[in-house]
Amino acid sequence: MNSFLDIHTTDKADLRGMIDSARRMKDARAGQPKGTPDADLPLKNRMVALIFEKPSTRTRVSFDLGVRQMGGQTMVLSGKEMQLGHGETIADTARVLSRYVDLIMIRTFEEATLLEMAEYASVPVINGLTNRTHPCQIMADVMTFEEHRGPIAGKKVVWSGDGNNVCASMIHAAGQFGYDFTFTGPPTLDPEAEALEFARAQGVRAVIERDPVKAVEGADLVVTDTWVSMHDPQSARERRHNQLRGYQVNGELMGHARPDALFMHCLPAHRDDEVTSAVMDGPNSVIFDEAENRLHAQKAVMRWCLGV
Ligand code: CP
Ligand code: NVA
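If you use UniProt numbering, the sequence shown corresponds to residues 1 to 308, in order.
The following block contains the structure:
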């Protein structure tokens with residue numbers, strides 16, 4: 001039994017295996033209606049709990065659909081409506097849910113909640129986003145890059161904007177999948193140092209460059225995300241916008257990357273804040289492939305968790 005808690009804490013070969021398995025599953029169902037069950041039904045008779053303590057469109061729909069395609073069943077639970085939101089401990093919730101379901105996916109605030117859930121559950125737990133990381137997103141992103149440009153190893157990935165949870169997982173993946181990573185953004189919003197140190201310890205370049213134009217030179221992939229995450233206080237909105245304005249991904253900035261550089265955003269995007277509509281809808285943008293690949297990548301993650 002394996003929990004999928006983070007990219008840097010998951011075995012490198014297993015991560016590669018999941019990307020390859022996602023690719024095979026996607027290819028196998030090409031052109032079929034979305035609700036068509038996969039031929040082998042690897043999750044037949046399995047029940048999966050999807051817990052959300054924060055809003056979600058992609059994670060919710062892609063996990064639910066993925067389980068159904070693999071022949072399993074889901075229950076989608078909102079943290080607020082569970083006793084979890086009314087004082088029952090995470091540990092007790094984990095032990096109770098483990099008697100009902102075969103797999104738990106949780107989107108929550110503090111990383112400690114995820115870790116406690118995994119510690120006390122006797123079934124695998126998947127990280128569907130915490131304040132600190134978003135590993136499922138980056139599995140989809142690696143898959144998407146490789147679908148368009150071949151192996152990501154040795155490529156240059158640049159993150160422009162807030163050094164947030166999605167950014168942290170992108171840095172972890174640099175170490176695990178062997179690509180170089182450059183962060184560009186204001187010093188107050190740097191990604192956590194441990195993530196950069198992890199990537200460097202795996203032998204890749206993981207650096208900070210304050211000048212966005214210099215940062216994107218030679219980039220194979222430019223990535224950004226919202227300037228205000230779900231866990232950030234709304235009161236910080238104006239300050240963050242002021243600090244981040246110079247790091248907007250626009251046509252001019254993309255013009256300094258490689259001509260074939262891809263653009264990614266985990267979505268939801270705030271058009272014309274962190275990225276212009278022209279870039280989002282432009283020829284180098286693969287944002288909707290990323291969204292689709294959440295489905296395929298997470299199906300592979302669930303199979304790995306359950307060993308099926
Ligand atoms: N990218 C992502 O996780 O989207 P949702 O918040 O809609 O799940
Ligand atoms: N950084 C964003 C990602 C949303 C998918 C957030 O945490 O709100």
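Built from N, CA and C at the ideal position, the CB exists for glycine as well. Please read these numbers as outputs of a predicted model, since none were measured by experiment.
Between residue i and the rest of its own chain, which residues show a CB-CB distance below 7 Å, the 5 nearest in sequence each way excluded?
i           : result
residue 309 : With the chain represented from 1 up to 308, any question about residue 309 goes unanswered, as that position is not in the structure.
LEU196      : ILE171, ALA206
SER285      : PHE263, VAL279
ASN2        : PRO124, TRP304, CYS305
ALA173      : ILE7, ILE138, VAL142
SER277      : ARG271
PRO191      : GLY163, CYS167, ALA168, ILE171, PHE183
TYR247      : SER160, GLY161, THR184, GLY185, PRO212
SER78       : PHE52
ARG237      : VAL228
Figure out for me which residue from the options has the closest Cα to the Cα of residue i.
i      : options                        : result
CYS305 : LYS26, GLN137, VAL223, ARG46   : ARG46
GLN243 : GLY71, VAL228, ASN250, MET254  : VAL228
LEU43  : SER56, ASP64, GLN32            : ASP64
LEU189 : ASP20, ASN164, GLY178          : ASN164
GLU111 : GLY128, TYR100, ASP102         : GLY128
VAL125 : ALA49, GLU192, CYS167          : ALA49
VAL166 : GLN83, TYR100, LEU267, ASP180  : LEU267
ASP141 : ALA199, MET117, PHE177         : PHE177
GLU265 : GLY246, ARG294, ARG237, ARG245 : Reading off the sequence shown, one finds His at residue 265, where the question assumed Glu. Closest by alpha carbon: ARG294.
MET302 : ASP11, LEU114, ALA13, SER21    : SER21
THR144 : VAL275, ALA261, GLY307, GLU274 : ALA261
GLY203 : ILE152, ALA193, LYS155, TYR179 : TYR179
VAL249 : ALA236, GLY154, GLN83, GLY282  : GLY282
MET117 : GLU146, LEU84, ALA13           : LEU84
ALA201 : ALA193, PRO187, MET105, GLY175 : GLY175
PHE4   : ILE106, GLU274, MET82, ARG60   : ILE106
GLU147 : ILE19, ALA269, THR59, ALA13    : ILE19
PHE288 : ARG58, PRO33, ARG24            : ARG58
GLU274 : GLY251, ALA291, GLU292         : GLY251
GLU290 : ARG99, GLY154, SER62           : SER62
Starting from the C-beta of residue i, find all residues in its chain whose C-beta is less than 8 Å away, skip the five residues before and the five after it, and write them out in chain order.
i      : result
ASP211 : THR184
PHE109 : GLU53, LYS54, THR130, ASN131, HIS231
VAL213 : LEU253, HIS256
LYS80  : GLU53
Under 6 Å Cβ to Cβ from residue i, same chain only, skipping five residues before and after it: list those, please.
i      : result
TYR120 : ALA91, ALA94, ARG95
ALA215 : VAL158, THR182, THR184, GLU209
ASP102 : ARG46, MET47, VAL123
GLN73  : MET47
SER169 : ILE7, THR133, HIS134, PRO135, ILE138
PHE26  : The residue asked about is misnamed: residue 26 is Lys in this sequence, not Phe. Cβ within range, chain order: HIS296.
With a cut-off of 8 Å, does the C-beta of residue i fall near any C-beta of chain B?
i      : result
LEU114 : Absent here is chain B; the protein component of the structure consists of one chain.
Determine which residues share a DSSP beta bridge with residue i and list them.
i      : result
MET47  : GLN73
LEU103 : VAL48
PHE4   : ILE126
ARG271 : VAL275
TRP159 : PHE183, VAL223
SER285 : PHE263
ILE208 : PHE183
VAL249 : VAL275
SER78  : PHE52
If you measure from the CB of residue i, is any heavy atom of the ligand NAP nearer than 7 Å?
i      : result
ASP141 : The ligand NAP is absent from the structure shown, which contains only the ligand CP and the ligand NVA.
Legend entry - Cβ pair count under 8 Å reaching 3, the region 288-305 against the region 132-146: yes
Inset, instruction - Count the CB pairs spanning the region 223-230 and the region 157-164 that are closer than 8 Å, and state whether there are at least three. - result: yes
Inset, instruction - Take every Cβ of the region 67-77, pair it with every Cβ of the region 26-40, and state whether three or more of those distances are shorter than 8 Å. - result: yes
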